[in-house]
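Participant: Okay, here's the structure, questions in a sec.
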Amino acid sequence: MTATNEQGLQKIATIIEQNQTLPGAMLPILHAIQNDLSFIPSNALPLIAKALNVSKAEVHGVISFYHHFRTEEPGAHVIEICRGESCQAMGSRTLEENIKQSLSIDYHQTSKDRQFTLEPVYCLGNCACSPAIRIGDDIHGELDLQKFEQIIKSINTYSLELK
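Numbering (the numbering used here), first residue to last: 5 to 167.
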């Protein structure tokens, strides 16, 4: 489902309606939309602004302030690289450059095949096993480029049913 079709717009309208009376409703609305659609489409901004009686610029300002929010649909797998102090001390800067080169993308970008989106995070709570990344709900620690490439290969490996 894309957010530009009628079903996507209806889902956004329902989320807004369910959350607009909450104190500080903008953040719960934005989180709910992103949780449901995996990003916040541009056509959601005027709907949110109207419901909360704020400008589209104010909604955009909140979205752009918080790095967690996406305005474009991410790849099938979001890779978060920890940039916390412990991970940096254990070589995450070199690892992140290798990962960027391996995937041919930078932070906040998606690979051409739409499989991977790369995001920085500032602590995964896995400091004892630095450096660490998270892909979906899975945290991988004590990572190096070889382990990363094995993980990516396992993600990209799937069965095809031939008929």
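Using N, Cα and C, we set each Cβ at its ideal position, and we do this for glycine too.
Quick caveat: nothing in here was measured; it's all calculated off a predicted structure.
(1) Compare the beta carbon distance of E76 and F120 with 9 Å and say whether it is the shorter of the two.
(2) Considering only their Cβ atoms, is the gap separating L107 from L149 smaller than 9 Å?
(3) Return helix, strand or coil for R97, following the three-state DSSP convention.
(4) Going by Cα to Cα distance, which pick from I103, G95, F69 and L34 is closest to E84?
(5) Got a sec, what are the start and stop residues for the beta strand (DSSP E) L122 sits in?
(6) Checking 9 Å against the spacing of the C-beta atoms, do I16 and A48 come in under that value?
(7) List the endpoints of the continuous beta strand (DSSP E) containing I44.
Facilitator: Straight from the coordinates:
(1) no
(2) no
(3) helix
(4) I103
(5) F120 to V125 is the span of the beta strand (DSSP E), which, as asked, contains L122.
(6) Yes, these two residues count as a Cβ contact at 9 Å.
(7) Neither: I44 is in no beta strand (DSSP E) and is coded neither H nor E.
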